[in-house]
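In the numbering used here, the protein residues as written are 1 to 103.
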């Protein structure tokens, strides 16, 4: 689901309204958002402000690395079932594996 209209900044969560102690950055984001409210003619409009949190993207690395105690299984595009009985129950309840998202 897309937002009705949005400005995008590739900043850490909690900082999407600007860098701390940087009023110019905060003002630029707010002004761009207000301009978008006036100019956007269609829902789903997203404007990438192309602002950078830092000189490089190294701030993202800790966020992208799995936690050392993360024991979750690797994700696969196909559904994974504990056993054949679980697979049959899921397919019977939904009708088909591809329709799960439509329910």
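Positions of the beta carbon are idealized from the N, C-alpha and C atoms, including for glycine.
Residue 22 and residue 14 have their C-alpha atoms roughly 15 Å apart. In the structure shown, residue 10 adopts extended strand secondary structure according to DSSP, grouped into three states.
Per DSSP, reduced to three states, the secondary structure at residue 21 is coil, with no helix or strand assignment.
For the 9 Å CB-CB criterion, residue 36 and residue 5 form a contact.
Taking a C-beta distance under 9 Å as the contact criterion, residue 49 and residue 28 qualify as a contact pair. DSSP lists 7 as the bridge partner or partners of residue 47.
Secondary structure note for residue 62: its alpha helix (DSSP H) is the uninterrupted segment 61 to 64.
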